[in-house]
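In our numbering, the protein residues as written are 236 to 377.
Below: the structure, in structure tokens.
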């Protein structure tokens with residue numbers, strides 16, 4: 236006689252096995268959804284995207300409009316600045332010398348203009364009195 240015992244699962248044991256599989260699947264799906272949401276949030280905040288081809292600048296390259304020697308740098312790398320801030324100061328000596336030279340040239344041209352006006356006034360008087368030829372008058376007028 237053989238004595239083998241047959242174990243018959245109770246209804247509570249039979250129901251718990253499928254429920255634990257469903258729980259595992261729901262947890263896995265929940266973790267996957269949470270991972271996708273975290274990835275999307277990180278992508279949104281870390282990477283700049285645009286629909287209108289304009290991106291807010293966080294750093295820019297500078298190029299001066301004039302050349303010269305830099306005497307003072309008023310900022311450090313990475314410092315935040317706003318429009319109108321003085322970033323660097325250039326050596327003014329070259330520009331002051333050029334300005335003086337241009338003012339001298341302006342004074343010279345002004346003197347030449349006054350001289351030409353006086354000569355033209357004289358030539359006009361002489362032309363009216365027929366003391367000079369048309370050619371001399373035209374040269375003074377040119």
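Built from N, CA and C at the ideal position, the CB exists for glycine as well.
Quantities reported herein were computed from a predicted structural model and do not represent experimental measurements.
So who's on the other strand from residue i, going by DSSP bridges?
i: residue 323; result: 308
Which residue comes first and which comes last in the alpha helix (DSSP H) that contains residue i?
i: residue 369; result: 369-376
i: residue 330; result: 328-363
To the nearest angstrom, report how far apart residue i and residue j are at their CA atoms.
i: residue 373; j: residue 340; result: 27 Å
i: residue 295; j: residue 271; result: 33 Å
i: residue 355; j: residue 337; result: 27 Å
i: residue 351; j: residue 333; result: 27 Å
i: residue 269; j: residue 286; result: 27 Å
i: residue 329; j: residue 310; result: 24 Å
i: residue 267; j: residue 255; result: 18 Å
i: residue 347; j: residue 361; result: 21 Å
Taking the alpha carbon of residue i as the reference point, which residue from the options has its own alpha carbon closest?
i: residue 313; options: 357, 266, 362 and 293; result: 293
i: residue 378; options: 286, 325 and 319; result: There is simply no residue 378 to check, as the chain begins at 236 and stops at 377 in what is shown.
i: residue 327; options: 345, 262, 305 and 375; result: 305
i: residue 358; options: 371, 320, 281 and 282; result: 371
i: residue 298; options: 275, 322 and 375; result: 322
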